[in-house]
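Colleague: Supplied in structure tokens, the structure appears directly below.
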């Protein structure tokens with residue numbers, strides 16, 4: 001073999017080795033991309049599950065807070081209604097006492113007037 005043929009054979013061998021290296025690199029990159037996509041999908045599903053859990057926890061917390069506020073509000077309304085009821089009863093007792101006192105005073109005044117009228 002001549003020197004040129006030897007160089008051509010060496011170049012072909014290098015070319016073949018280079019093509020084989022490129023094919024191996026391409027296959028390695030594709031495997032890496034596939035693994036990366038798989039990991040990203042797993043991460044996305046994990047994040048979605050975490051977001052769903054967080055949303056459910058927030059909704060449960062808001063529901064509990066709303067119920068507590070409604071309970072406190074209804075207890076406050078009940079207490080207010082009870083105090084209004086007690087105030088009305090107290091006012092009625094006060095009115096009855098005042099009315100009976102005024103009737104007693106009126107009877108006393110009428111008695112005094114009747115006595116004075118009978119004295120003359």
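In this note's numbering, the protein residues as written are 1 to 120.
We treat Cβ as the ideally placed atom computed from N, Cα and C, and that holds for glycine.
In this text the structure is predicted, and so the values were computed from the model without any measurement.
May I have the straight-line CA-CA distance separating residue 34 from residue 28, to the nearest angstrom?
Modeller: Approximately 10 angstroms, taken between the alpha carbons.
Colleague: For residue 37 and residue 55, I'd like the C-alpha separation in whole angstroms.
Modeller: Answer to the nearest angstrom: the Cα atoms are 26 angstroms apart.
Colleague: If we ignore side chains and look at the alpha-carbon of each, how far apart do residue 30 and residue 53 end up?
Modeller: Residue 30 and residue 53: Cα-Cα distance of roughly 34 angstroms.
Colleague: Rounded to whole angstroms, what is the Cα-Cα separation between residue 25 and residue 15?
Modeller: Those two C-alpha atoms are separated by around 15 angstroms.
Colleague: Could you give the uninterrupted runs of the alpha helix (DSSP H) lying entirely in the segment 56–91, keeping only those of 4 residues or more?
Modeller: Those alpha helix (DSSP H) runs which fall completely within the segment 56–91 and span 4+ residues do not exist here.
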